[in-house]
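Engineer: Here you go, one structure.
Numbering (the working numbering), first residue to last: 63 to 124.
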């Protein structure tokens with residue numbers, strides 16, 4: 063069950079990343095904007111993943 067949730071989270075992050083990537087490319091033709099957007103998306107994805115991991119650890123401690 064745990065692994066399924068982890069896989070789900072990973073796929074959700076990847077899906078959001080790809081979707082926003084397509085949105086960025088359609089909105090701007092500037093490469094720098096797209097690269098910056100990608101870095102920003104990766105950071106937010108990692109932050110979301112980390113907060114979820116910390117939350118899960120706190121739940122397991124109880």
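All residues carry an ideal CB built from backbone N, CA and C; glycine is no exception.
1) What's the gap between the Cα of residue 120 and the Cα of residue 92?
2) Give the C-beta separation of residue 82 and residue 104 to the nearest angstrom, bearing in mind that I take them to be a contact with Cβ-Cβ under 8 Å.
3) Whole angstroms is fine: what's the gap from residue 99's alpha carbon to residue 124's?
Structural biologist: In brief:
1) 42 Å
2) No, residue 82 and residue 104 are not in contact; Cβ-Cβ is about 11 Å, not under 8 Å.
3) 38 Å
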